[in-house]
Structures are given as C-alpha cells and as structure tokens.
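Visitor: Counting with full-length UniProt numbering, you get residues 1 to 247 for the letters of the sequence shown. Just dropping this structure here.
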Amino acid sequence: MTFDIETFGAVTPDHLPPFAERLRKAADVIWEEGYRQPFLRELASGTLSRERFTFYLLQDYRYVNDYAKVHALALTKTRDVEVMRFMANVQNGVFNVESELHRTYLKGFGITEEQMNSVRQSAFARAYTADILEIAYSGQLIDILVAVLPCAWVYADYGQRLARELGDALETNPYKSWVDMYKTEEFWSGTAWLLEHIERLVEDLDEPRRRELVDIFVHGVGNEYMFWSSAYDMQYSWKPEWDAAGR
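Below is the structure:
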C-alpha cells in the first residue's frame, strides 16, 4: 500500500509513520542520552560557558557548509522537482539563515569573519561530515535523506523539548535565540517532509535494505551526540592530549 499523507494526516512528533517510528525506536538510547548530556543541560540552565558555546558554533559553522554540499549532491540523484526544490531550499536556509545566526552569535563573542573561515575542524565533526558526504556521493536518494534526517529531527525535537522544559524561564536564558530557532513549527516542517518522503521510498525495499537505512540513521544520531560532546570538552582530536599536535 502506497503511503498516502492525506489519509495518514500531518506528520507530527506524536504522529509518525511506521518506518519513522522504527528509526526513532532504534536510536532511542543514544537520542535520550543526547538530551541529557552536559552541553544541553547547561544550555538549558543558562550556565553553559561562552567558550564551549563558541567552540560548538564554530564547528557547526563548518558543518553546515558540508551539510549544504550533501543536499546539492542529492539534486543529482533525482528528477523529482519537489525533491529538488526542497534540497535547494535547505541550501538557501544554510547560507541565509543558519550562517547569519552563527555570524551574529560569534561576532557578539568577538570572533572575526577570518577566524570563522579558518577554524580547525574537530576530528569528530570531520568524521560526521565525511560520513554524510560519502553517502551523498555513493548512495541513492533514500540513503541521503536518511543520512541528513538525524540533524533535522534531533534539533527539532531538542528545541521543542527545551522550550517546554524551560517555559517562562526561556525569556531570560542567554541561549534563547538558539532554542527559538529550533522549536518552531517551521523548522519541524523540514523534518516532517523528510519523514514523509522516506516513508514513500522505503515501501518497495526489502528488509535487508531497510536495516541498512536504520543503521545509517542510528549512526547519524550517534554523530550528533559526539558533535555536542566534543564541543563541551572543546576537543579537537580523538584524545585531548593530541590536540596540540594538530595546531
């Protein structure tokens, strides 16, 4: 049976299609540990240090440029105009929304444009972007959609949960604008689009192929966890004592 969004209804965090439910369940342990890790706990309390947040933003600035390349490569895997339009819109959002947020934050912390463009990429961030770029070059469209899904879905979920958790306290949180960006229905709509299209594309796949996609997704959620964890530790290399060697 073909997945029919009109029959199924709107995809929401509490109303997920079957394969999306499977993905979320498979990644649950990492997903929930991610929400409880020190970076996000201290961000929620407003006590996260500026140095740690700056480290994160600089790494994220590098990450989103590669994230845009992945979506550009996805354009070569399809003739579906709707998919092509979505990929182009993501790239536009990266360069005109997320990048501007990074610039605004970082300039407020005294970071120059030159520093932003020359920042050293951490080993963890490089492993993440190398992973999704390899999938984008060698995989099919469905692989790419699943590979970029963790970033979209985790941020949407954590943003909404942080907003609910903080309530009125969000107004005085120094990281309010960061939470505000990811808590919105507009940001969730990108995740919902991915989930809808993934659901349609997996219908004709056999179980071994579906398991491959689950593995891609779970690995991606793990990459998200490590991205924040390494930012909290301000760690460039696999071992902290190696950091000086790469400077």
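We put the beta carbon where it would ideally sit given N, CA and C, even for glycine.
#1: Using a Cβ distance threshold of 8 Å, determine whether the segment 54-69 contacts the segment 231-241, with at least three qualifying pairs required.
#2: Assuming L133 contacts V70 (C-beta within less than 8 Å), just tell me the rounded distance between them.
#3: Below 7 Å CB to CB, which residues in the same chain sit around E27 once its five sequence neighbours on both sides are set aside?
#4: Could you name the residues of the same chain whose beta carbon sits closer than 7 Å to that of A125, not counting the 5 residues immediately before and after it, in chain order?
#5: Excluding the 5 residues flanking L162 on each side, which residues of the same chain have their C-beta closer than 6 Å to its C-beta?
#6: Determine the closest residue to L213 out of A10, F8, G9, A20, with distance taken between C-alpha atoms.
#7: Quick one: what's T104 bridged to in DSSP?
#8: Give me the DSSP bridge partner(s) of T12.
#9: Look at the alpha carbon of V202 and the alpha carbon of L23, and state the distance between them as a whole number of angstroms.
#10: Check this for me: beta carbons of F109 and Y155, under 9 Å apart or not?
#11: Could you tell me which whole alpha helix (DSSP H) segments of length 4 or greater appear in the segment 19-82?
#12: Have a look at A231, Q91, Q121 and flag the residue whose alpha-carbon is nearest the alpha-carbon of A68.
#13: Could you check if G93 belongs to the surroundings of the ligand GDP, using beta carbon to heavy atom distance under 8 Å?
#14: Take L75 and list the residues in its own chain whose beta-carbon comes closer than 6 Å to its own, dropping the five residues that flank it on each side.
#15: By Cβ distance, which residues of its chain are closer than 7 Å to A231, with the 5 residues on each side in sequence left out?
#16: Which two residues bound the contiguous alpha helix (DSSP H) that contains E199?
#17: For S229, which of helix, strand or coil comes out of DSSP?
#18: Taking the alpha carbon of D143 as the point to measure from, which residue in Y182, G167, D157, L205 has its own alpha carbon closest?
#19: Compute the Euclidean distance between the alpha carbons of E33 and C151, then round it to the nearest angstrom.
#20: Return the chain-ordered list of same chain residues with a C-beta closer than 8 Å to the C-beta of L145, the five sequence neighbours on each side being excluded.
#21: Less than 9 Å separating the beta-carbons of A192 and V11?
#22: Helix, strand or coil for F109, going by three-state DSSP, please let me know.
#23: If you draw a straight line from the C-alpha of S138 to the C-alpha of N173, how long is it?
#24: Return yes when the Cβ of R103 is within less than 9 Å of the Cβ of E113, no when it is not.
Guide: Straight from the coordinates:
#1: With three or more CB-CB distances shorter than 8 Å, the segment 54-69 counts as touching the segment 231-241.
#2: Along the sequence shown, read from residue 1 onward, the residue named residue 133 stands at position 133. Along the sequence shown, read from residue 1 onward, the residue named residue 70 stands at position 70. Confirmed, Cβ separation roughly 6 Å.
#3: In the sequence shown, counting from the first residue as 1, residue 27 sits at position 27. The sequence shown places Ala at residue 27, not Glu. Here the set comprises F217, V218, V221.
#4: Counting from 1 along the sequence shown, the entry for residue 125 is found at position 125. Taking C-beta separations shorter than 7 Å and ignoring five residues to either side along the sequence, the partners of A125 in its chain run Q59, R62, Y63, F227, following chain order.
#5: The residue given as residue 162 occupies position 162 in the sequence shown. Within the same chain, L162 has close Cβ partners A44, V179.
#6: Residue mapping note: residue 213 aligns to position 213 of the sequence shown, counting from 1. When the alpha-carbon of L213 is set against those of A10, F8, G9, A20, the nearest one is in A20.
#7: Position 104 of the sequence shown, counted from the start, is the residue given in the question as residue 104. T104 is not bridged to any residue.
#8: As a first step, residue 12 must be located in the sequence shown, where it is residue number 12. Paired residues: H15.
#9: Taking the sequence shown and counting its residues from 1, the one referred to as residue 202 is at position 202. Taking the sequence shown and counting its residues from 1, the one referred to as residue 23 is at position 23. Cα to Cα, the separation comes out at about 12 Å.
#10: Within the sequence shown, numbered from 1, the residue matching residue 109 stands at position 109. Within the sequence shown, numbered from 1, the residue matching residue 155 stands at position 155. Contact flag unset, no.
#11: The segment 19-82 contains these whole alpha helix (DSSP H) runs: 28-36, 38-45, 50-74.
#12: As a working mapping, residue 68 is identified with position 68 in the sequence shown. The shortest Cα separation from A68 among A231, Q91, Q121 belongs to Q91.
#13: Here there are no bound small molecules, and the ligand GDP is not part of this structure.
#14: The residue you call residue 75 lines up with position 75 of the sequence shown. Counting only Cβ-Cβ distances below 6 Å, and skipping sequence neighbours, we find M84, M87.
#15: Here residue 231 refers to the residue found at position 231 when the sequence shown is read from its first residue. Excluding positions up to five away in sequence, the list reads F39, R52, F55, Y56, Q59.
#16: Your numbering for residue 199 matches position 199 in the sequence shown. That run of the alpha helix (DSSP H) goes 185-202.
#17: Here the question's residue 229 lines up with position 229 in the sequence shown. DSSP places S229 in helix when its eight states are reduced to three.
#18: Counting from 1 along the sequence shown, the entry for residue 143 is found at position 143. When each option's Cα is compared against that of D143, the closest is L205.
#19: The residue labelled residue 33 in the question sits at position 33 within the sequence shown. The residue labelled residue 151 in the question sits at position 151 within the sequence shown. Their Cα atoms are separated by approximately 16 Å.
#20: Here residue 145 is taken as the residue at index 145 of the sequence shown, counted from 1. Hits under 8 Å: A74, L194, H197, I198, L201.
#21: Translated into the one-based positions of the sequence shown, residue 192 becomes position 192. Translated into the one-based positions of the sequence shown, residue 11 becomes position 11. Taking 9 Å as the Cβ cut-off, A192 and V11 qualify as a contacting pair.
#22: The residue you call residue 109 lines up with position 109 of the sequence shown. F109: coil per DSSP, three-state reduction.
#23: Translated into the one-based positions of the sequence shown, residue 138 becomes position 138. Translated into the one-based positions of the sequence shown, residue 173 becomes position 173. Answer to the nearest angstrom: the Cα atoms are 42 Å apart.
#24: For the purposes of this step, residue 113 is identified with residue 113 of the sequence shown, where counting begins at 1. For the purposes of this step, residue 103 is identified with residue 103 of the sequence shown, where counting begins at 1. For E113 and R103, yes; Cβs fall inside 9 Å.
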